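A.B. asks: Here the protein sequences line up with chains L and C, keeping their order.
With the working numbering applied, the first sequence corresponds to residues 1 to 568, in that order.
With the working numbering applied, the second sequence corresponds to residues 569 to 655, in that order.
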Amino acid sequence: MKGLGTSPGIGIGKVFLYVEPEINIEKKNIESPELEIERFNESINKAMEEIDYLYKRTLDEVGQDEAEIFTAHKMMLEDPEFINGVKGKINNENANAEWAVNEVANQFIAVFEGIEDEYLRARAADLKDVSSRLLRVLLGIEPIDLMAINKESIIVAEDLTPSDTAGMNKDKVVGMVTILGGRTSHTSIIARTLGIPAIAGIDNILKEVNHGDIMIIDGDVGEVIINPTDEELKLYKKKLQEMNEFKERLKSMIGEESISKDEHRVEIAGNIGTPSDIDNVLINDGEGVGLFRTEFLYMDSDSLPTEEKQFEAYKFVAEKLEGKPLVIRTLDVGGDKEIPYLDLPKEMNPFLGYRAIRLCLDRTDIFKTQLRAIYRASYYGNIKIMFPMISNINELRSAKILAEEVREELRKENIPFKEDVEIGIMVEVPSVAIHSKAFAKEVDFFSIGTNDLIQYTVAVDRGNQNISYLYNQYHPAVLNLINMTIKNGHEAGIWVGMCGEVAGDEKLIPVLLAMGLDEFSMSAGSILRARYQIRNTSKLEVAKHLDTILNLPTAEDVERYIDENILN
Amino acid sequence: MYKEEITLLNQTGLHARPASLFVKEASQYKSDIKVIKDGQEYNGKSIMGILSMGAGKGDVLTIQAQGEDEEKAVKNLVDLIANQLRD
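#1: Name, in chain order, the residues that DSSP records as bridge partners for Thr580 (chain C).
#2: Ordered along the chain, which non-local residues of its own chain (more than five positions away) have a Cβ less than 8 Å from that of Leu127 (chain L)?
#3: Is Gly11 (chain L) closer than 8 Å to Ile190 (chain L) when the C-beta atoms are compared?
#4: For a test of the three-state rule: what should DSSP assign to Arg462 (chain L), helix, strand or coil?
#5: Looking at the structure shown, is Val224 (chain L) part of a helix, part of a strand, or coil, going by DSSP?
#6: Tell me Ile423 (chain L)'s beta-bridge partners as DSSP assigns them.
#7: Alpha carbon to alpha carbon, what distance is there between Gly273 (chain L) and Leu17 (chain L)?
#8: So which residues on chain L does Ile615 (chain C) lean against when the C-beta distance must stay under 7 Å?
#9: Expressed to the nearest angstrom, what Euclidean distance is found between the alpha-carbon atoms of Met621 (chain C) and Gly581 (chain C)?
#10: Tell me the DSSP bridge mates of Arg293 (chain L)?
#11: How many angstroms separate the CA atom of Lys592 (chain C) from the CA atom of Ala72 (chain L)?
#12: Which residue from L:Ala514, L:Gly353, L:Ser468 and L:Met147 puts its Cα closest to that of Ile482 (chain L)?
#13: Whose C-beta lies closer than 7 Å to the C-beta of Tyr532 (chain L) among residues of the same chain, with five residues either side of it excluded?
#14: Could you say which of L:Glu98, L:Asn284 and L:Lys544 lies nearest to Arg39 (chain L) if we only look at CA atoms?
#15: Can you say whether Glu347 (chain L) is buried or exposed, counting buried as having 16 or more other CB atoms within 10 angstroms of its CB?
#16: Work out the CA separation of Asn578 (chain C) and Glu68 (chain L) for me, nearest whole Å.
#17: According to DSSP, simplified to helix, strand and coil, what is Thr457 (chain L)?
#18: Along the beta strand (DSSP E) that carries Met299 (chain L), what are the first and last residues, could you check?
#19: According to DSSP, is Ser252 (chain L) part of a helix, a strand, or is it coil?
#20: Consider the Cβ of Ser599 (chain C): report whether some Cβ of chain L lies at a distance smaller than 8 Å.
#21: Keeping to the same chain, check which residues put their C-beta closer than 6 Å to that of Ser526 (chain L); ignore five residues upstream and five downstream.
#22: Output yes if chain L places a C-beta closer than 8 Å to the C-beta of Val591 (chain C); else output no.
#23: Listing by chain order, which chain L residues have their CB less than 7 Å from the CB of Leu619 (chain C)?
#24: Step through the CB atoms of chain L and report whether any lies within less than 8 Å of the CB of Asn651 (chain C).
#25: Residue range of the alpha helix (DSSP H) that Asn102 (chain L) falls in?
#26: Is the beta carbon of Lys324 (chain L) less than 8 Å from the beta carbon of Glu287 (chain L)?
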């Protein structure tokens with residue numbers, strides 16, 4: 001079967017079918033309520049153990065806040081009303097534990113869902129989770145917690161949410177296959193960050209495979225093989241081994257400079273979405289963080305994050321980087337990233353709507369709290385501030401005025417911070433790229449955000465399957481905007497980076513190098529490969545082709561030209 | 569038996585994190601603890617009971633305890649609501 005390869009590499013493992021199992025509960029008459037209650041108590045203990053395990057893993061790998069959800073699950077399992085309710089039903093009706101659990105849980109779920117409230121609806125979901133865990137234990141069904149995966153597995157699912165991926169066993173997941181998603185969907189980005197091969201867009205996959213089937217996926221070409229022949233298995237095992245050897249070779253890039261054959265130095269940095277992601281950047285010898293997405297602080301929470309909480313997160317990463325640059329992007333929500341407690345109205349065109357800097361300049365309370373936290377953290381490292389979604393110079397000026405107000409407050413309060421924190425903008429709206437000459441005079445740096453720049457330049461919703469073929473990083477118009485931005489930045493004497501997926505694109509890295517891009521910020525897993533590639537590329541050689549490439553008529557021409565004339 | 573009345577003043581009410589803090593605190597006492605809202609009784613040691621009460625800002629609650637540490641329990645729980653459950 002063929003899909004869209006969204007994260008490269010080969011994965012060989014057992015299919016882990018990630019679908020909620022259908023549990024049919026029937027009321028049965030039991031002989032001994034005492035024994036049934038004993039069985040119920042045992043299921044509680046077993047479920048507790050599972051939850052404890054999930055809690056610890058999430059705490060270690062993701063963070064305290066994300067782990068708290070499991071504390072809530074434990075409280076539900078220990079709940080006297082729940083436990084006594086179930087025991088009562090077993091006793092009074094001589095009923096089986098499964099039925100009793102289901103009845104009592106459903107009563108509470110109905111109450112929670114009956115109250116008009118976002119939070120209680122989420123708790124109803126928690127309770128469903130807890131009760132299906134109990135039912136699963138009682139019925140002796142294998143767990144479907146992605147973190148409990150203990151064999152090398154390929155997850156097959158409709159799609160995966162951030163909490164699914166945060167909660168999976170990263171050491172044992174060797175691939176992901178989903179029905180939904182494209183190159184820039186959450187699952188794909190996470191897969192690339194973790195270096196796990198992934199394929200999206202296979203419609204029938206859930207019907208075609210069984211849990212436990214052997215599966216091979218090749219993320220480079222989007223190939224999926226279910227229950228392969230011995231020959232296929234042998235072939236791919238060999239490929240996988242070669243791949244691992246290449247990875248070993250990449251490890252030799254650790255500690256090397258990111259410098260081209262003709263001695264042009266660039267910076268290769270990592271993108272992170274939570275503080276703990278920094279470890280992966282450092283393991284891969286990233287020279288800094290070119291994009292720290294701060295949305296995690298605002299999502300998965302019931303209220304706005306306090307200044308203190310943000311300060312701690314920024315300071316943590318800044319200190320870990322030990323003086324290497326850390327570019328913090330201010331809040332970028334709206335569009336596809338919703339925050340329930342902000343109660344933002346649904347929009348017809350969310351990607352063109354009330355989001356990112358537009359929201360921040362309106363809700364200056366939210367924005368200034370974040371800026372204060374960033375400035376306070378600036379004292380502990382090499383922090384730079386970046387505003388997302390800027391589309392005209394007035395927005396930039398307003399944001400800078402607010403930043404100055406924050407600095408003035410901190411001065412008055414005698415709180416230490418760095419006065420000379422660089423302020424830059426994301427170049428992701430075509431108006432900014434086109435007018436970059438003027439913008440360059442008012443900022444310290446540009447960082448080109450290619451995911452949105454492509455989307456806005458070619459007018460394609462990047463989440464829409466039907467038109468995903470239009471979303472193409474090789475589009476000559478996109479490349480011209482990138483080139484123009486770099487040129488105008490350099491003319492004004494500022495540095496220009498890139499923090500979109502394109503920065504790690506093997507075919508475009510030589511082209512971007514030739515354009516003069518100063519900083520490449522990418523998924524941590526791509527850093528060493530990019531360094532290897534840059535060290536084996538001559539900037540001047542590729543620059544000879546630049547004019548030709550920028551004047552090619554189609555994206556396909558660009559891709560072919562690079563394949564034939566630059567990569568060989 | 570000991571009881572006190574209190575009005576919820578925090579934005580979230582007895583909800584979300586405040587609800588779980590309340591239940592954790594209540595569970596530390598030996599006494600039976602009940603929260604009464606609009607004449608309905610809820611088990612103070614049950615997160616599901618407290619949540620299904622749906623108590624929001626402005627609601628008046630009676631905290632009632634019965635047992636050896638009843639007075640201490642009620643006073644501490646009232647203090648928790650009044651002083652510690654800030655938004």
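Glycine included, every Cβ here is placed at the ideal spot set by N, Cα and C.
These numbers come from a predicted model, not from an experiment.
C.D. replies: For this structure:
#1: Beta-bridge pairing links Thr580 (chain C) to no other residue.
#2: Non-local C-beta neighbours of Leu127 (chain L) in its own chain, meaning closer than 8 Å and more than five positions away in sequence, comprise Met76, Ala105, Phe108, Ile109 and Phe112, ordered along the chain.
#3: Contact check for Ile190 (chain L) against Gly11 (chain L) fails: the beta carbons are separated by 8 Å or more.
#4: In the structure shown, Arg462 (chain L) sits in coil (DSSP, three-state: anything other than H, G, I, E or B).
#5: Taken through DSSP and simplified to helix, strand or coil, Val224 (chain L) comes out as strand.
#6: In the DSSP output, where bridge partners are listed per residue, Ile423 (chain L) has L:Ile385.
#7: Here the alpha carbons of Gly273 (chain L) and Leu17 (chain L) stand approximately 27 Å from one another.
#8: Contact of Ile615 (chain C) with chain L by beta-carbon distance below 7 Å involves Met75, Met76 and Asp79.
#9: Rounded to whole angstroms, Met621 (chain C) and Gly581 (chain C) show a C-alpha spacing of 11 Å.
#10: Note: Arg293 (chain L) sits in a beta bridge opposite L:Arg329.
#11: So the two alpha carbons sit approximately 11 Å from each other.
#12: The shortest CA-to-CA distance from Ile482 (chain L) to any of L:Ala514, L:Gly353, L:Ser468 and L:Met147 is the one to L:Ala514.
#13: Once the five neighbours on either side are set aside, the close Cβ partners of Tyr532 (chain L) are Leu250 and Met253.
#14: Comparing Cα-Cα distances from Arg39 (chain L) to each of L:Glu98, L:Asn284 and L:Lys544, the minimum goes to L:Glu98.
#15: By the neighbour-count rule (16 or more Cβ atoms within 10 Å), Glu347 (chain L) is not buried but exposed.
#16: Between the C-alpha atoms of Glu68 (chain L) and Asn578 (chain C) there is a straight-line separation of about 21 Å.
#17: Thr457 (chain L) falls in the helix class under three-state DSSP.
#18: That residue, Met299 (chain L), is in no beta strand (DSSP E); it is neither H nor E in DSSP.
#19: DSSP, read as helix, strand or coil, puts Ser252 (chain L) in coil.
#20: Not one chain L Cβ lies under 8 Å of Ser599 (chain C).
#21: Correct list, in chain order: Gly504.
#22: Chain L contact via Cβ: present.
#23: For Leu619 (chain C), the C-beta contacts it makes with chain L under 7 Å involve Phe112, Leu120 and Arg123, in order along the chain.
#24: For Asn651 (chain C), the answer is no, since every Cβ of chain L falls outside 8 Å of its Cβ.
#25: DSSP places Asn102 (chain L) in the uninterrupted alpha helix (DSSP H) bounded by Ala97 to Gly114.
#26: Yes.
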